[in-house]
Amino acid sequence: METLTTRAAKDLRTRLALQEAAITLCLDQGFAATSTRAIADRAGVSERTLFRTFGTKAAIFWYDAFLSRVVRALRPQTDPVAALAEAVRTAIETITPEQWALELGRRAVILKEPDLIATGTQELNAGAAQIATILTPPLASPAQAFDLVLFARFAVAGMGVVPIHADTTPHGWGAELERVVHKAAHGALERV
């Protein structure tokens, strides 16, 4: 798994502090009643840093630390399905209880706020584009490159809708995410 540079690690800590603050405040007060100033104050950063890091309050909830870990763990292989499934397993194996609690909270806020659901497309598309770039061989034909982009988008969209409940464990969730990866490659109605 790739290690982060000092700057990237600091940026990640800032993102996670902002996300944790936003989730805590929004679960308590609601999305509309939570100001960006309150989020920044709770995270110990300036409001300017919040906007430089995320752009909008809604974007805080669509930064997916788990998807970022999947992208960092992803290694090109001749079998893109196996490569993505392996990256999901690696990301699940490294998830901490704190990160899991953050994921549960992030999803709880998103599900309470219909407007947030609509804003997530760009973040998910960016993650899918990174996955497709990593999985696409340098000499891929245009058709193969298109198939890999489609696979990555289907996989990321599918991973985004795998439900998490209070009793869901990271390993149970990971097994469902791996199942989604296979379904993205072979079709939603095909048994794997």
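Take the sequence shown: its letters are residues 800 to 991, numbered as in the numbering used here.
The C-beta atom is built at its ideal place from N, Cα and C for all residues, glycine as well.
Predicted, not measured: the structure shown is a model, and the values here were computed from it.
Original post:
Counting Cβ pairs, one atom from each stretch, are 3 or more of them under 8 Å apart for the stretch 953–962 and the stretch 970–989?
Top reply: yes
Original post:
Which value, in whole angstroms, describes the spacing of the CA atoms of arginine 868 and arginine 806?
Top reply: In the sequence shown, residue 868 corresponds to position 69, counting from 1. In the sequence shown, residue 806 corresponds to position 7, counting from 1. Computed Cα separation, rounded: 17 Å.
Original post:
Given leucine 873, which residues of its chain have a CB within under 7 Å of its CB, disregarding the five upstream and five downstream residues?
Top reply: Residue numbering aside, residue 873 sits at position 74 when the sequence shown is read from its first letter. Excluding residues within five positions, the ones whose Cβ falls inside 7 Å are Ala882, Leu883, Ala886, Ile930, Ile933.
Original post:
Do alanine 987 and alanine 951 have their CB atoms nearer than 9 Å?
Top reply: Your numbering for residue 987 matches position 188 in the sequence shown. Your numbering for residue 951 matches position 152 in the sequence shown. Cβ atoms of alanine 987 and alanine 951: not closer than 9 Å.
**OP:** Please indicate yes or no: does the CB of valine 844 lie closer than 8 Å to some heavy atom of the ligand FAD?
**Re:** Absence of the ligand FAD from the depicted structure is noted, as is the absence of any ligand whatsoever, leaving it without description.
Original post:
With respect to the alpha helix (DSSP H) encompassing alanine 910, which residues constitute its N-terminal and C-terminal limits?
Top reply: By 1-based counting over the sequence shown, the position of residue 910 is 111. Reading off the sequence shown, one finds leucine at residue 910, where the question assumed alanine. It spans 896–911 - the alpha helix (DSSP H) in which leucine 910 sits, taken as one unbroken run.
Subject >> Nearest-angstrom Cα separation, counted from alanine 939 out to isoleucine 909 >> reply: In the sequence shown, counting from the first residue as 1, residue 909 sits at position 110. In the sequence shown, counting from the first residue as 1, residue 939 sits at position 140. Near 37 Å, if we compare the C-alpha coordinates of alanine 939 and isoleucine 909.
Subject >> Stretch pair the stretch 838–850 + the stretch 894–901: three plus CB contacts closer than 8 Å >> reply: no
Original post:
Among Pro875, Lys911, Asp914, Thr804, which has the Cα closest to the Cα of proline 937?
Top reply: To locate residue 937, count along the sequence shown from 1; it is residue 138. The shortest Cα separation from proline 937 among Pro875, Lys911, Asp914, Thr804 belongs to Pro875.
Subject >> Start-to-end residues for the alpha helix (DSSP H) that takes in serine 940 >> reply: Here residue 940 refers to the residue found at position 141 when the sequence shown is read from its first residue. Serine 940 -> no alpha helix (DSSP H), and no H or E assigned at all.
Original post:
Straight-line CA distance for threonine 968 to valine 948?
Top reply: Here residue 968 corresponds to residue number 169 of the sequence shown, with the count starting at 1. Here residue 948 corresponds to residue number 149 of the sequence shown, with the count starting at 1. About 29 Å.
Original post:
Among Ala831, Ala832, Trp861, Thr804, which has the Cα closest to the Cα of leucine 817?
Top reply: Within the sequence shown, numbered from 1, the residue matching residue 817 stands at position 18. Minimum Cα distance to leucine 817 is reached at Trp861.
Subject >> Under the three-state DSSP convention, the category histidine 985 falls into >> reply: Reading the sequence shown from its first residue, position 186 is the one you call residue 985. Helix, per DSSP.
**OP:** Identify the continuous alpha helix (DSSP H) that holds glycine 919 and give its terminal residues.
**Re:** Here residue 919 is taken as the residue at index 120 of the sequence shown, counted from 1. It is not in any alpha helix (DSSP H) - glycine 919 carries neither H nor E in the DSSP assignment.
Subject >> Host alpha helix (DSSP H) of alanine 831 (start-end) >> reply: As a working note, residue 831 is residue 32 in the sequence shown. Note, alanine 831: premise wrong, no alpha helix (DSSP H); not H, not E.
Original post:
How many angstroms separate the CA atom of threonine 877 from the CA atom of phenylalanine 865?
Top reply: One-based indexing of the sequence shown puts residue 877 at position 78. One-based indexing of the sequence shown puts residue 865 at position 66. Between threonine 877 and phenylalanine 865, the C-alpha separation is close to 24 Å.
Subject >> Endpoints, the alpha helix (DSSP H) within which glutamate 852 is located >> reply: As a first step, residue 852 is located in the sequence shown; it is residue number 53 there, counting from the start. According to the sequence shown, residue 852 is threonine rather than glutamate. Run containing threonine 852: 846–853, per the alpha helix (DSSP H) assignment.
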